[in-house]
Every structure is written in C-alpha cells, then in structure tokens.
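Encoded as structure tokens, the structure appears first; notes follow it.
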Amino acid sequence: MVLDTELAWAGVCQWPLVPILLRGLLSASTLGLLGLILAFHIKDIQLYMLENGLRDWRVALGPARLGLILLELGVGVPGGAGGLGATLWLVPITFLTIGYGDLVPGTICGRLVCLVAGILGVGCTALLVAVAAEKLEFTRAEKHVHNFMLGVECARKMKHTAATVLQEAWRVHRHRRRQEPARARRHQRRLLSTLHTFRELRLQHRALREQVNSMVDISKMQLVLGMSDSGHSQPGLYGPERRRRWPRDKELGLPGGPQSLSGPGRDRDFTPWDRERRDPPEETPGTVMQKTPIILAKPPAERIQNRGMGAAAPSAALDPVVGQAKLVAPEKMKHSIKLVDEQMNWCDSAIEYLLDQTDVLVVGVLGLQGTGKSTVMSLLSANQPEEDLRAYVFRPQGQEIKERGGNQTSGIDFFITQERIIFLDTQPILSPSILDHLINNDRKLPPEYNLPHTYVEMQSLQIAAFLFTVCHVVVVVQDWFTDLSLYRFLQTAEMVKPSTPSPSHESSGSAGPDEGTEYYPHIVFLQNKAKRECFCPRRLKQMHQIVDKIMMHSHLKYKGTLSMLECNIFPGLPYDYLDTEVNLFLLPFMDADADETLPKSAPGGGPLFSLLPGYKGHPSFPSLVAKLRSQIMSMARPQLSHTILTEKNWFHYAARIWDGVKKSSALAEYSRLLA
Numbered sequence: 001m002v003l004d005t006e007l008a009w010a011g012v013c014q015w016p017l018v019p020i021l022l023r024g025l026l027s028a029s030t031l032g033l034l035g036l037i038l039a040f041h042i043k044d045i046q047l048y049m050l051e052n053g054l055r056d057w058r059v060a061l062g063p064a065r066l067g068l069i070l071l072e073l074g075v076g077v078p079g080g081a082g083g084l085g086a087t088l089w090l091v092p093i094t095f096l097t098i099g100y101g102d103l104v105p106g107t108i109c110g111r112l113v114c115l116v117a118g119i120l121g122v123g124c125t126a127l128l129v130a131v132a133a134e135k136l137e138f139t140r141a142e143k144h145v146h147n148f149m150l151g152v153e154c155a156r157k158m159k160h161t162a163a164t165v166l167q168e169a170w171r172v173h174r175h176r177r178r179q180e181p182a183r184a185r186r187h188q189r190r191l192l193s194t195l196h197t198f199r200e201l202r203l204q205h206r207a208l209r210e211q212v213n214s215m216v217d218i219s220k221m222q223l224v225l226g227m228s229d230s231g232h233s234q235p236g237l238y239g240p241e242r243r244r245r246w247p248r249d250k251e252l253g254l255p256g257g258p259q260s261l262s263g264p265g266r267d268r269d270f271t272p273w274d275r276e277r278r279d280p281p282e283e284t285p286g287t288v289m290q291k292t293p294i295i296l297a298k299p300p301a302e303r304i305q306n307r308g309m310g311a312a313a314p315s316a317a318l319d320p321v322v323g324q325a326k327l328v329a330p331e332k333m334k335h336s337i338k339l340v341d342e343q344m345n346w347c348d349s350a351i352e353y354l355l356d357q358t359d360v361l362v363v364g365v366l367g368l369q370g371t372g373k374s375t376v377m378s379l380l381s382a383n384q385p386e387e388d389l390r391a392y393v394f395r396p397q398g399q400e401i402k403e404r405g406g407n408q409t410s411g412i413d414f415f416i417t418q419e420r421i422i423f424l425d426t427q428p429i430l431s432p433s434i435l436d437h438l439i440n441n442d443r444k445l446p447p448e449y450n451l452p453h454t455y456v457e458m459q460s461l462q463i464a465a466f467l468f469t470v471c472h473v474v475v476v477v478q479d480w481f482t483d484l485s486l487y488r489f490l491q492t493a494e495m496v497k498p499s500t501p502s503p504s505h506e507s508s509g510s511a512g513p514d515e516g517t518e519y520y521p522h523i524v525f526l527q528n529k530a531k532r533e534c535f536c537p538r539r540l541k542q543m544h545q546i547v548d549k550i551m552m553h554s555h556l557k558y559k560g561t562l563s564m565l566e567c568n569i570f571p572g573l574p575y576d577y578l579d580t581e582v583n584l585f586l587l588p589f590m591d592a593d594a595d596e597t598l599p600k601s602a603p604g605g606g607p608l609f610s611l612l613p614g615y616k617g618h619p620s621f622p623s624l625v626a627k628l629r630s631q632i633m634s635m636a637r638p639q640l641s642h643t644i645l646t647e648k649n650w651f652h653y654a655a656r657i658w659d660g661v662k663k664s665s666a667l668a669e670y671s672r673l674l675a
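According to full-length UniProt numbering, numbering within the sequence shown proceeds without interruption in unit steps and concludes at 675.
Laid out in structure tokens, this is it:
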C-alpha cells in the first residue's frame, strides 16, 4: 500500500497496469487475512464444543462471540481516504506534541501544516509551564510563612500525640491491674503505634527547624557578601565597631569611619619607621635587594596599610588628622576568642579585630588529644616558655583535665597578633573524650549521623578540610613518631577539601593570574616532646625519609619551606645532609632542663653522663621555640584563593568555606559509607 501511494503521488510509473496489479494484490491479501480470522474463530468454536460436549454450534456462538467476530472483520476491511474527522483529529494531536502516528500527512502542504502546528504547540506548552511555575513558586517571605505554619502544625500534632501516649500508657496500666489481658494488649499496640508516630513528628519538626535556620544563614551570608561587594565592610560602618569609633570620628571631624588602604604587594620587606618622618626615604633598587628582611621586627599592620602609595598618594592621605584616623590600630587581643563554637556554629566576634590590609599570615594546627597543640600555638603567638600556663592565650590542659582524660579546646579558637598573624587552635581530631561525652551524656546527634564515632570523625574531617582551605600554614603536632592513622586522616581530609571558588564568587579583590589553580597550604610536622635520641642525625634522616615516602603522592606542600639544618641546630652537618628534607621540626619536653629528665645510670643513681653535667643532646626548649617561630613567620604567604584577600575579606571567605564544608556532598557521601 505504501509503495502504491508513493508511486501514485510522485507520478513515477506511467504504465496503468502496475497500480492495478498492486491494488489487486493488496485487496487479495486483505481478503486472505479476513479468511484466516474467520477460520481461527471456527476452530475456536469447535474446540469449545469438544471440551464441553456440545452438539449444536449455535450454543457455542453466543452474542458476545458473534459481536467480537464481526468487529474484527469490520476492522480488517480496507477503508477509503480520510475526511474532515481525520483532519480534526490529526491537528490537535500534532499541536499537543503527542503524535500517536495513526494519521500521517501524505502531501508536502500537509506536512508543513503539521510542522508549524508542532512548533506552535511546543512554544505554547513551554510558555504555559513557565507561567504556571512562576505563579506557583513561593517567594522568600511565603517560604518563611509556610515553614512557620508547618512548624506550628507539627508542634500541635506532637502535643496531641504526646497526650495520646500518656492516655494509652495509663490504659495499659489500668487493664493490667484489672487483669484484662485482651484490652491491655490492644492498648499496648496503640501505644507502640503512637510512639512511632511521635518519633516521626519529632524528626519532621527538627528537619523544619534546621531548614529555617539554613535559610536564615544563607540570607545573612548573602547580606554580608553584598556589603563586602559594595565596599561597606570597612571598619566603622556597621556592628559594635561603629558604636565604639563614632565618638572618636566625630571628634576628628570625619563623616564616617576610618578607611584604610591596602598596598598591592604581598611579599615586600619592611623596616621600622621613623616616628618623626611619615614618608619613607627613597632607595635605589640595589640597596633594597641587599637588605635582609627582619620578619620579627615588622612594624604593626596599622602602619603597613598605606604602603605602596608613594608619591602618587593624594594630598588627603598625607593630612595629619585624616592620616591619624586611618592608622588607628584595632583593639589588641589579650586572649583567644571563638571562631567556631563547640556546637560547630560560626561566630562573628573576630571581625572586630581585623583590618582591611592584605599582608596577613594564617596558621592552623591539627593533632591528636594531649599532644600539646594549644601550648605550641601559644608559644608561637604571644607567650614565652617561662610564663605561667594560665596566662597563655590558648589555654592548655590543666592537671585535673589530664587526670580525667578530657580535652581543653572545643571548636576553633582565634587569635591575631600585632604583626597580623592569625592563629587558629582546634579541638583534637578523633578525640576519645568527645566521643565519651557524646555517649555518656546521650547527646542528640544530627539526623545525618547515626553513630557517635561517625559524628566525631566527620567533625575532625570538617575542621581539617577547613584549615586546608583557609590557612597558609598547618602545623601537625605529634608526641611520638609516628602514627600511620594520622597520615591516612590527612589524606582523607585532602580528598574532601573544598575546591577553590572561582573568581566570580569572591567577595572582593582583584583576580589573580592563575584562575584554574587549586591552592594547598604548607604542612609542618612538629614532633613535640621529642626524646634525646630523636636529635641524633641518623635518626633524624630516617624520620625525614619515612615522612617523605608516606606523603609522596600528596598535593600538600610538605617540604621545602622549613629546615632544621639552617637553624644551626646541627652545626657539624652540611645543608645537603638530608636528601629529602621535609617540613619536620623537633621540640623536646618543656621541662627538659630539670635534672630528673636526664638519663640515669641505674634506678636511684646519678646522671649517666656525669662528666658532662647538664648535657641534653639538643638545644634548650626556648631556643628551639624561637627558631621554629622565626621560620614559620618567614614563610611565603601565597594566595588562598583566586583573588587577593584582606583580613576582613578572609573572614567572610572563611565563613563561606565553613558553611560549604558543613554541607559538603563529598563528606556526606563519606559519612554514608562509614555508616
């Protein structure tokens, strides 16, 4: 039939016998098929008569069977060409993009009409769906109202279900006292069902509250980032800093808060300024290159903010009153504050101590429980070994906490020095005391974590991934060499580390040269409480080789930025003694100067090296701490992202990274695999 239609429409064959032959064959085949259908039904009637023992075929041929046979024969009879009904059926089916295919246009005009109808149908359908979706979508206010009403309804159902639980429990008790076991069992079933319903409602109510809190946090973050984009994140424009600085600005006659400027350079050398002269003397490039950088004697950051302006600075920048307002230093920190609290929530109090300048170094710390992380960070930041432990900026473990096996630091603590170095002290990773606290206090876990040890490990991974993203230097503290599980933990944290955001998502700053590069921090392995044998050159070389082989596939910068040989700790060793020198540093016991720590010849005897009184085999603890501090502070300060960040921009960037780490899909998948 198709061949006959195509030949007739195209006019290819002019011989009339061919179309007649084709149509005759078509009609014959159709009549043959009708005969086969009739033969099939005859055989079916015969089988039915044989199975039921019938002699009259009219008993087997009922009205239903006869109607079915006539319907099949009527459908098989060839029909003529389509009419108006077929056209009215074809157009809407094509317009609605359904296209059953039962009717197909045969001419070019018909096909063009169907094509135009299909295109119009697709456009109208898309327009209708877009308009309907826009009308049905909630606005932000409607979402808050809807979630609030759902929370109210869920709370009402929880109260009703709780009352039902009490009723069923009382009925179970009453029927048991009356010795009615059937009614007691019935009410016990109702009690269990009601308890199950109550638990589901409680989980639903908790999920609603978390959803509302996340919406509020996202709105707040968008507001903060919008203010940063518009330049409103400068000191004195919002928050408690505005209230504190407004009287001082009013006295100086300024219209707003002080505005600081940040220089373009990041790795420039600094020399102390002359108090009587505000502008630095002009120097030739040769004299600048010959100077040795003095890292620890760097001027405070409030003097560095206007660096890079030179003679091109406007006259207003050299005005004594305006310059005094711009160079006002923030309040000096005396103790650490919370950046992330024990509930793993972000805190905004650190923004008051930050400036709008780019020369900043961020140092974080990781380590197991009891390794001395807080003590090391205090000594690197603002304290001396001879000071009282209670005066340290990061409070270390007390004797009582050590005896009961607890941890001192929870969450992440923040401290910034006058040299604009940010120190982040963290809670111990994989801490057994935190796990014990979760188990014994029956603390409610988030719904995505089923087991306490999974929650503790995920907390540790979140903190490590956060430090790998926002820190220039991460110090990994150990108190014995070495724990392979610690290196596995570092590799896992590196794999789940958030990717560096693209330049379009940064809050402010100019784009860097490498927009597709992932940034990784410098890793310093600090061997705390090292014994005298660890300072043996052969033992030190073995330690370097072991760490290098373990970390050889890591992208973290674990070697090339810190050296114990350059600190003159081993004066007889050449600089190339360690072929693969990693960032490894050793610190002895803090009270190593006492005679009790010296090796004894026998129990109750005198020192083993009696001819060398006071021999320890290594420099003193204060001198080693000073050398470690000098090397860490002199490390390079690479970009943490694709844009150059000021201190306040770093704070907003870190807040966004912490929010992303808590909602990371990689960490969620890892926790699911752990469960």
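Note that beta-carbon positions come from the ideal geometry of N, C-alpha and C, so glycine has one too.
Distance CB(residue i)-CB(residue j) smaller than 7 Å
i, j, result
"Y353", "M333", "yes"
"V477", "T409", "no"
"Q204", "C154", "yes"
"residue 748", "F415", "Because residue 748 is not part of the residues shown, which for the chain are 1 to 675, the question remains open."
"G121", "L96", "yes"
"V365", "D425", "yes"
"K159", "L201", "no"
"S671", "M458", "yes"
"A530", "P588", "yes"
"P521", "H472", "yes"
"N407", "P428", "yes"
"H544", "L578", "yes"
"A60", "I45", "yes"
"L526", "V475", "yes"
Proximity to residue i [Cα-Cα], best of the options
i, options, result
"T482", "L68, L192, A64 and N528", "N528"
"H468", "L573, N441, V362 and G24", "As written in the sequence, residue 468 is Phe, which differs from the His given in the question. Residue V362 is the option with its Cα nearest to F468."
"R183", "L195, A169 and T194", "A169"
"residue 685", "L136, M635 and F585", "One cannot answer for residue 685 here, as it falls past the ends of the chain, which runs 1 to 675."
"P480", "L368, S374 and P432", "What sits at residue 480 in the sequence shown is Trp, not Pro. Closest by alpha carbon: L368."
"P385", "L150, V625 and L22", "V625"
"K616", "M590, M633 and G74", "M590"
"H187", "T197, F198 and H175", "H175"
"K549", "A464, T517 and V582", "V582"
"Y653", "K663, L640 and K662", "L640"
"S485", "I69, A132, V116 and M551", "M551"
"I93", "F148, V75, C109 and A117", "A117"
"F651", "M564, D579, M543 and D348", "D348"
"L339", "R656, I20, L673 and V18", "R656"
"D659", "V470, C109, I69 and L70", "V470"
"R538", "M344, L573 and Y519", "L573"
Segment limits, beta strand (DSSP E) that includes residue i
i, result
"V582", "From DSSP, V582 is part of no beta strand (DSSP E); its letter is neither H nor E."
"residue 718", "The requested residue 718 does not occur in the structure, where the chain is confined to residues 1 to 675."
"G123", "Where G123 is concerned, there is no enclosing beta strand (DSSP E), although the alpha helix (DSSP H) it sits in stretches over I108 to L136."
"Q478", "V473 to Q478"
"V152", "Element bounds for V152: not the beta strand (DSSP E) but the alpha helix (DSSP H), R140 to R177."
Host alpha helix (DSSP H) of residue i (start-end)
i, result
"G32", "L17 to N52"
"A530", "Element bounds for A530: not the alpha helix (DSSP H) but the beta strand (DSSP E), H522 to A530."
"G364", "It is not in any alpha helix (DSSP H) - G364 instead sits in the beta strand (DSSP E) that spans L361 to G367."
"S651", "Checking the sequence, you will find Phe at residue 651 rather than Ser. Element bounds for F651: E647 to K662."
"L389", "Counting along the chain, L389 falls outside any alpha helix (DSSP H), and DSSP gives it neither H nor E."
"L486", "L484 to M495"
Residue burial classification, residue i (beta-carbon count within 10 angstroms, cutoff 16)
i, result
"T87", "exposed"
"Q631", "buried"
"D359", "buried"
"L318", "Confidence at L318 is low in this model, with a pLDDT of 40, below 50, so its placement is unreliable and no value can be given for it."
"Y575", "exposed"
"D356", "buried"
"A464", "buried"
"S433", "buried"
"S336", "buried"
"C114", "buried"
"F138", "exposed"
heavy atom of the ligand GTP below 6 Å from residue i C-beta
i, result
"G67", "Among the ligands in the structure shown, none appear at all, so the ligand GTP cannot be discussed."
Any C-beta of chain D under 7 Å from that of residue i
i, result
"G364", "No chain D is present in this structure, which holds just one protein chain."
Below 8 Å, how does it come out for the region 488 to 497 and the region 398 to 408: are there three or more Cβ pairs, yes or no?
Between the region 488 to 497 and the region 398 to 408, the count of C-beta pairs closer than 8 Å stays below three; the two stretches do not touch.
Does the region 554 to 566 come close enough to the region 639 to 658 to have 3 or more Cβ pairs within less than 8 Å? Judged by Cβ distances under 8 Å, the region 554 to 566 makes no contact with the region 639 to 658, as fewer than three pairs qualify.
With three or more beta-carbon pairs closer than 8 Å as the criterion, would you say the region 447 to 454 touches the region 417 to 427? In short, these stretches do not touch, since the Cβ pair count stays below three.
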